[in-house]
Structures are given as C-alpha cells and as structure tokens.
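**Student:** Structure incoming, see below.
Numbering (my numbering), first residue to last: 92 to 250.
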C-alpha cells in the first residue's frame, strides 16, 4: 500500500514504572514538512508510552481513511497489532489485560485509517527513531509532568 504519512514513535520510562514520556514524528510523503509531538508523565511504563505515542500520532490525523505507515521500535506494540493479538483481547473484553484503556483508545483511532506497521531496531542510527527517543526522554524529564491516572489507579489496587 502507498502511504500518505509516516508516523515514527517512541516511548520511554525511567525506572519502569517511573517518569515517562513519548515522542512522535509525523512526515507526509512527498511534502516538505513534518510535525513533532511529545508529552511527559510522572508515573508510567515504557509500554504505555510506546502505545500512547502511536495513539497520539493517529489521533492527530485530520482526514479519515488516511494511509499510514507507523514505524516503531516496540515489539509489544507492533506484534500486538500485526499478529492481531489486540483483536483477541478485544473479543475477550480485555479481561486481565494490561493497558486495556490505551488498547481500547487505540482501536477506535486505528479503525478510522488504513494503517500498516513496521518494526525497526531501536538505537540503530535511524534518524526519525532517534529523534522520537530524544523527544520521549526530554518529555520524561520536564518539571511539569502529566498524570497517567489509569495506570496510577491500577497500580494502587496492587498495593
């Protein structure tokens, strides 16, 4: 499939769980511009940030049925979608599934577009992935961090 936009993503968490952040770089095919997004959270996990980066990138698309290539170094995210694990989790109501809030949000926006996924090895001199990593780490180190309320609530149940 030809793609209209490439979305590069990365997530990070110091301590895992700990302060975390995501970074997104969006590039439109055949166009000379790109957009970057990032946000930091006070207590979260790397997998949540990896998934949230993809969600945010897809949510930024204005037109439905956009042909998208998501490029991620997260096996967790890429395998969950490409191997259709997330659809099985959905059929079972996401029972006992980590990050169910984000997976539900992902499926809503994923179904609005035509999305392919590509896994790349992280920290391997891939320019856009390195930039996403910089954004994610920078976001996680900000003084004002957002609250990952779902995660903190779930974590509190375990204490």
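Glycine residues also receive a C-beta, built at the ideal position from the N, C-alpha and C atoms.
If distances are taken between C-alpha atoms only, which option among 218, 200, 231 comes closest to residue 159?
**Tutor:** Residue mapping note: residue 159 aligns to position 68 of the chain shown, counting from 1. Taking only the C-alpha atoms, the option nearest residue 159 is 200.
**Student:** Counting only the same chain and skipping the five closest in sequence on each side, list residues whose C-beta sits under 6 angstroms from that of residue 180.
**Tutor:** Here residue 180 refers to the residue found at position 89 when the chain shown is read from its first residue. So the qualifying residues of the chain are 188.
**Student:** Who does residue 118 pair with in a DSSP beta bridge?
**Tutor:** As a first step, residue 118 is located in the chain shown; it is residue number 27 there, counting from the start. Answer by DSSP bridge pairing, in chain order: 97, 125.
**Student:** Is the region 225 to 232 touching the region 117 to 124, taking contact as three or more C-beta pairs under 8 angstroms?
**Tutor:** Counting Cβ pairs under 8 angstroms, fewer than three are found: no touch.
**Student:** Tell me which same chain residues have a C-beta within less than 7 angstroms of the C-beta of residue 304, skipping the five on either side of it?
**Tutor:** With the chain running from 92 to 250 in the structure shown, residue 304 is simply not present.
**Student:** Smallest Cα separation from residue 128: which of 104, 147, 106?
**Tutor:** Counting from 1 along the chain shown, the entry for residue 128 is found at position 37. The shortest Cα separation from residue 128 among 104, 147, 106 belongs to 147.
**Student:** With a 10 Å radius around its C-beta and 16 neighbouring C-beta atoms as the bar for buried, classify residue 124 as buried or exposed.
**Tutor:** As a position in the chain shown, residue 124 is number 33, starting the count at 1. By the 10 Å Cβ count, residue 124 comes out exposed.
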